[in-house]
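In order, the protein sequence lines correspond to chains P and L. When we follow this note's numbering, the leftmost residue of the first sequence carries the number 489, and every step to the right adds one. When we follow this note's numbering, the leftmost residue of the second sequence carries the number 66, and every step to the right adds one. By construction, the Cβ of each residue, glycine as well, lies at the ideal position given by its N, Cα and C atoms.
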Amino acid sequence: MGDVTDYVIETRALSKRYGRKLALDHLDLRIPRGRIHAIVGANGAGKSTLFRILMGFLPPSAGEARILGKDSQSLTPHDRSRIGFVNEEHTLASWMRVSQVAAMQQHQYPRWNQHAYDNVIGHYHVLPEQKVGQLSRGERAGFNLALALAQGPELLVLDEPTLGLDVVAKRAFLESLMYSNATDDCTVIYCSHQMEEIERVADNLIILERGQLRHMSAPEDFTARVSHWIADVPFKGPALHTVPGLLEMQQLDGLQHYLVLDQDEGFERFLREAGARNVQSMPVSLDRAVNAFLAKNHAAPNAA
Amino acid sequence: MNDLFKGELLRFRLWTAVAAILNVVVLGFLSSMVDMAQQPLLVYQVFGAVYGVAGALLGMYQMGTYRKPNQWLSLLHRPLHRWQIAGALTGASATLLLLATALPIALVALYQETMTARVVDLRHWLLPLAAWLIAVSSYLAGAYAMVGNRRYSFAAFLLPALLVYAQASGVAMLGVQCVVIAFLAAMLAVAFKPDTSAPPRNPAAVLTIALPVQLGAYFLVWMLGYGVEVAWSVTGTHPLNRPTPPKGGYTEAERADGKTMLLLGIERSREPEAALWREQIALSDVYTTHPLRMLPVQGSMTNLSPLELGDADNNVWMVYSHDRARFVTRGLRDQRRIGELGVGEEQAAFPAPTMPYGATYLYNAHAAYQYDSEQRRMFERFRLLAGEVMASPPEPAGDNIVMLSDRAAYFYPGREAMNGLDLLQPLMRVAMPGPVGQLGRMDVIELLDGYLVSFTYIWGVGSGELQHPFQQVLRVDGRGQAREVARRALSIDLPSVYINRNTWLSPLLRELSLGAQDLFAKEDPLRAKPQSMPMPVLWLAAACGVLSLLSAAWLTAKQTHSPRGRWGWVLLCGVIGLPALASLWLMYPRREVLPVAA
């Protein structure tokens, strides 16, 4: 069967151009079946464009995109029933009641899982007779998640689902996602800017930058690649362009803080050779590591 | 699909209820004041326009909200075929429009039928359906305008606009509306897909979308052509804005009074009597007749003007009924039904819908009648020959009466007309030198023994349908023998390339537009067939076709097409002309060129 594949998402040299700007740049991405995969990237990294191409709502300029083994530009209604999608706006019919929306989805999705729906919606104080438009943003997010999981999807795409939610709502959303058994049977693609969420839920971290795949591994493997060095260097430190794997450098209280990628004990030797009297190494959080990684190539005015 | 359908019903139920109630209140109020079944055409046009605008707004709002990227994704990313989703949405809207437009009209018709003595014919029961179809067609145009590519999607509004110009009437008009709806539904079906930016590739889908876009470009360029006239006016060089119009042109003939028209007609006449006629023209009354452009049609849902007249002396109000082919009478004061009134003593049926003019005269396509208040009878006074139709009802022309058919002018004895109620026999019949559809005016003066009659053919010059305007002057003697005494060709005043731009832009689209206008319409004897175009205009059209073909070959090389699609477009541009080239440019973006991967 054509759709049996080890990858839920597979792109080959996928490119998308908007005028003079390349949103996706020959992207080769293969996301294996199962587990929760987080996609992170700065604004404009191409995440939304990637999802829109994968769902068949945008044509690629070049390359190939497959989702659940199917060409993304020719998805059938049956294929769509296997893919759940939750966007950041939680677009639902605001004029309908919760029970009416749930009933509509139940009729449309043959693999509807009422238990999964009840399980997720139980985390929220949502009444069936309430109109969707009357729900708070957090309740709407939870309702949307309940609907998506109850569809019994093989692949669930969550595109910044907690954007604009307060702390309590975010927590409720993550808990309802993590404690739902429905996620056991499907692959989840979680796109977010919130590293603490990704740290909690993701098994796999995918970093996109300027439309290219920059990294893919378990989150802890990524943080292991980034190290934080504090050096006490009198006078001027080493020239920045000579610092190997440099992601970020800050001078605080007379000490120089280096965030570097893929450096081992040899980096300590480098600092000492540059005149450091004292050198310390510290682990970094995923948030700091990803931010430094993404900030490294952040565009800046030429004259700066 | 049913859930989506019900969901959309739910979404707009309040607005629909408000619109339906408002419609009932307005129609009910008007109906309490006047007979809504007997209003002039303008009233029906205003209501039709309101329903059309309401439908268009619904379509634009509904699809406009769904068309936002995330909403569109949520709507279409579900296990339903895209046409099922579109069907649910449009089906719900059509149902709501039925309630907001057709139901109130049907209720008012029911009120008039059951609770008043007014005439409600079968044609009036078609009005709710027509109103609904107008609203649905505008709704679909609005929906497509939002769903389709905004570079060209607003061209869809041209299709409901066709209903304004369509010549069909009655059930045939409903057929035209259904065709428009079917076409718009096909357009929406093509565009209603996840990736709305992708141009259609299937040949049938391409033609479905391309044709309205081409017509849109065609009409837009044609309308922009009027900018030339504005420029002429601004620079003070407009040939028609001078104190006196160009000598010997159709504008002069259009604006001249009757005396001037006759004098212009015989200006170069070498007839020995010409000098005498000029003196007589200066001293006599000139009777000018402009022919009718339309006649009341059996089963037509609307009226050119109300088919009713009153007799205050006898407390009778008479309304023509298409179903009964007679006038239905009711009390003027008590509004109670009295009976029916046909032709003559035997109360015969009228041969065609009959329209009053003046206080007591009436006419239809075949004859003219007089209502006699004393006898409370309708008398046939003027009858046309079989095969001829009325082009202007009888009007006084000196001592006699003149009436126009589509082929001739008839003169009837005025004294007999005044003193009796019998069917009159014409004194003379003067054949027209051209089709009545091109006749702009007829000017007549009485001579001592006959008439001097001028026929001026200028109708259709502005649209390019009449290429050879002319004036003919006839001398009709007392025995009815007509003799041409002058004939002159009139000039067109404006450059041919300007007047005929609707042809050289695309001869095919002009034919298509004219054909669409006449779709399902019966042949109208009061309209003339367009005259053939001058050769220079046809050569210009051919040059535009070649230019369009070559440009399409260049343009398609920069776009993404299959080889068959590309050459199909090149051919289409050659055949259709510049509007097709415009549609090609609008519908297909330039091919995206990517940098080579590092």
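Own chain, CB closer than 6 angstroms to residue i, minus 5 neighbours either side, in chain order
{"i": "L:ALA430", "result": "LEU360, ALA417, VAL454 and MET455"}
{"i": "P:ILE527", "result": "LYS535, CYS679 and ILE694"}
{"i": "L:LEU69", "result": "ALA153"}
{"i": "L:SER370", "result": "PRO105"}
{"i": "L:PRO193", "result": "ALA167, ILE170 and ALA171"}
{"i": "P:ALA657", "result": "GLY626"}
{"i": "L:LEU577", "result": "none"}
{"i": "P:LEU759", "result": "ALA719 and VAL767"}
{"i": "P:ARG508", "result": "none"}
Nearest candidate by alpha-carbon position, reference residue i, set the options
{"i": "P:LEU556", "options": "P:VAL496, P:GLN602, P:GLY699 and P:THR537", "result": "P:VAL496"}
{"i": "L:ASP542", "options": "L:SER158, L:ASP514, L:LEU555 and L:LEU427", "result": "L:ASP514"}
{"i": "L:GLU511", "options": "L:PRO461, L:GLY502 and L:GLN503", "result": "L:PRO461"}
{"i": "L:TYR516", "options": "L:ALA474, L:TYR116, L:GLN400 and L:GLN412", "result": "L:ALA474"}
{"i": "L:TRP148", "options": "P:ASN575, P:PRO565 and P:ILE571", "result": "P:PRO565"}
{"i": "L:SER519", "options": "L:VAL538, L:VAL526, L:HIS533 and L:ARG566", "result": "L:VAL538"}
{"i": "L:SER218", "options": "L:CYS243, L:ILE199, L:LEU276 and L:THR353", "result": "L:LEU276"}
{"i": "L:GLU344", "options": "L:LEU327, L:ARG358, L:LEU357 and L:HIS355", "result": "L:LEU327"}
{"i": "L:ASN88", "options": "L:LEU164, L:GLU73 and L:ASP322", "result": "L:LEU164"}
{"i": "P:LEU538", "options": "P:ARG505, P:GLY733 and P:HIS716", "result": "P:ARG505"}
{"i": "P:LEU542", "options": "P:GLY652, P:GLU617, P:PHE573 and P:ALA690", "result": "P:PHE573"}
{"i": "L:GLN127", "options": "L:TYR291, L:LEU227, L:VAL212 and L:ARG655", "result": "L:VAL212"}
{"i": "L:ASP322", "options": "L:GLY313, L:HIS303, L:VAL351 and L:THR302", "result": "L:VAL351"}
{"i": "L:LEU403", "options": "L:LEU75, L:HIS303 and L:ALA182", "result": "Note that residue 403 of chain L is Ile in the sequence shown here, rather than Leu. Nearest option by C-alpha distance: L:ALA182."}
Rounded separation between residue i and residue j - CA only
{"i": "L:LEU469", "j": "L:VAL562", "result": "34 angstroms"}
{"i": "P:LEU635", "j": "P:VAL586", "result": "10 angstroms"}
{"i": "P:ARG540", "j": "P:LEU644", "result": "14 angstroms"}
{"i": "L:GLY240", "j": "L:VAL408", "result": "33 angstroms"}
{"i": "L:LEU374", "j": "L:TYR283", "result": "45 angstroms"}
{"i": "L:ASN67", "j": "P:GLN596", "result": "10 angstroms"}
{"i": "L:PRO664", "j": "L:ASP260", "result": "For chain L, the structure presents residues 66 to 663; residue 664 of chain L sits outside this window and is missing."}
{"i": "L:ARG389", "j": "L:TRP190", "result": "15 angstroms"}
{"i": "P:ALA792", "j": "L:LEU138", "result": "Reliability fails at P:ALA792, whose pLDDT of 34 lies under 50, so the model's placement of it is uncertain and the value that follows must be treated cautiously. Going by the C-alpha atoms only, they are around 41 angstroms apart."}
{"i": "L:SER635", "j": "L:PHE257", "result": "Here residue 635 of chain L turns out to be Val, not Ser, going by the sequence shown. Computed Cα separation, rounded: 27 angstroms."}
{"i": "L:ALA200", "j": "L:GLN279", "result": "24 angstroms"}
{"i": "L:PRO330", "j": "L:LYS324", "result": "According to the sequence shown, residue 330 of chain L is Gly rather than Pro. L:GLY330 and L:LYS324: Cα-Cα distance of roughly 10 angstroms."}
{"i": "P:ARG599", "j": "P:LEU517", "result": "29 angstroms"}
{"i": "L:MET366", "j": "L:GLN110", "result": "11 angstroms"}
{"i": "P:MET737", "j": "P:HIS745", "result": "6 angstroms"}
{"i": "L:PHE447", "j": "L:TYR434", "result": "7 angstroms"}
CB contact check: residue i to chain C, cutoff 8 angstroms
{"i": "L:PRO654", "result": "The structure shown contains no chain C; the protein chains it does contain are P and L."}
Sequence-distant residues of its chain with Cβ nearer than 7 angstroms to residue i (five each side left out)
{"i": "P:PRO707", "result": "ILE686, GLU687, ALA690, LEU693 and LEU774"}
{"i": "L:THR568", "result": "GLY529, ARG575, MET598, VAL602 and ALA606"}
{"i": "P:ASP491", "result": "In this prediction, P:ASP491 scores a pLDDT of 46, lower than 50, which makes its location untrustworthy; no coordinate-derived value is stated."}
{"i": "L:GLY93", "result": "VAL173"}
{"i": "P:ALA777", "result": "PHE710, THR711 and VAL714"}
{"i": "L:LEU48", "result": "Since the first residue shown for chain L is 66 and the last is 663, residue 48 of chain L is missing from the structure and cannot be characterised."}
{"i": "L:ASN379", "result": "SER438 and ARG441"}
{"i": "P:GLU663", "result": "HIS611"}
Same chain only: Cβ atoms within 8 angstroms of residue i, ignoring 5 sequence neighbours per side
{"i": "P:GLY621", "result": "SER582 and TRP583"}
Restricting to runs no shorter than 4 residues, where is the alpha helix (DSSP H) found entirely within the segment 164-240 of chain L? 168-180, 187-190, 192-212 and 223-230
Output the residue ranges of the alpha helix (DSSP H) runs that lie fully inside the segment 102-132 of chain L and measure 4 residues or longer, sorted by chain position. 106-131
Below 9 angstroms between beta carbons is the criterion; list the residues of the segment 132-146 of chain L that meet it against any residue of chain P, in chain order. For the segment 132-146 of chain L, which is checked against every Cβ of chain P, the residues closer than 9 angstroms are LYS133, PRO134, ASN135, GLN136, TRP137, LEU138, SER139, LEU140, LEU141, HIS142, ARG143, PRO144, LEU145 and HIS146.
Every unbroken beta strand (DSSP E) within the segment 406-490 of chain L, with a cutoff of 3 residues, ordered by chain: Entirely contained in the segment 406-490 of chain L, the beta strand (DSSP E) runs reaching 3 residues are, in chain order, 420-422, 426-428, 432-437, 442-448, 455-462, 465-470 and 473-477.
In the segment 563-587 of chain P, which residues sit with their C-beta less than 7 angstroms from some C-beta in chain L, listed in chain order? PRO565, HIS566, ARG568, SER569, PHE573, ASN575, GLU577, THR579, ALA581, TRP583 and MET584
What are the residues of the segment 540-558 of chain P that lie near chain L, defined by any Cβ-Cβ distance shorter than 7 angstroms? MET543, GLY544, PHE545, LEU546, PRO547, SER549 and ALA550
Using a Cβ-Cβ cutoff of 7 angstroms, what residues of the segment 603-633 of chain L are near chain P? List them in chain order. none
Counting only runs of 3+ residues fully inside the segment 244-320 of chain L, write out the beta strand (DSSP E) ranges in chain order. none
Which of the residues in the segment 494-510 of chain P, read from start to end, lie with their CB under 8 angstroms from any CB of chain L? ALA501, SER503, ARG505 and LEU510
My parser needs the alpha helix (DSSP H) runs of 4 or more residues fully inside the segment 503-585 of chain L; what are they? As far as the segment 503-585 of chain L is concerned, its whole alpha helix (DSSP H) runs of at least 4 residues are 561-564, 566-569 and 572-582.
For the segment 602-654 of chain L, which segments carrying the alpha helix (DSSP H) assignment without a break, of at least 4 residues, lie completely within its bounds, in sequence order? Counting only runs that start and end inside the segment 602-654 of chain L, the alpha helix (DSSP H) elements of at least 4 residues fall at 628-641 and 643-652.
Compile a chain-ordered list of the residues in the segment 155-168 of chain L whose CB is closer than 9 angstroms to at least one CB of chain P. none
The segment 747-776 of chain P: which residues have C-beta closer than 8 angstroms to a C-beta of chain L, in chain order? none
With 8 angstroms as the limit, tell me which residues of the segment 254-265 of chain L have their beta carbon closer than that to any beta carbon of chain P; keep them in chain order. PRO259, ASP260, SER262 and ALA263
Runs of beta strand (DSSP E) lying entirely within the segment 624-651 of chain P, each at least 3 residues, in chain order: 643-647
Anything in the segment 115-133 of chain L with a Cβ closer than 9 angstroms to a Cβ of chain P? List those residues in chain order, please. The residues in question are LYS133.
Closer than 8 angstroms between beta carbons: that is the criterion. Which residues of the segment 591-613 of chain P meet it against chain L? ALA591, MET592, HIS595, GLN596, TYR597 and PRO598
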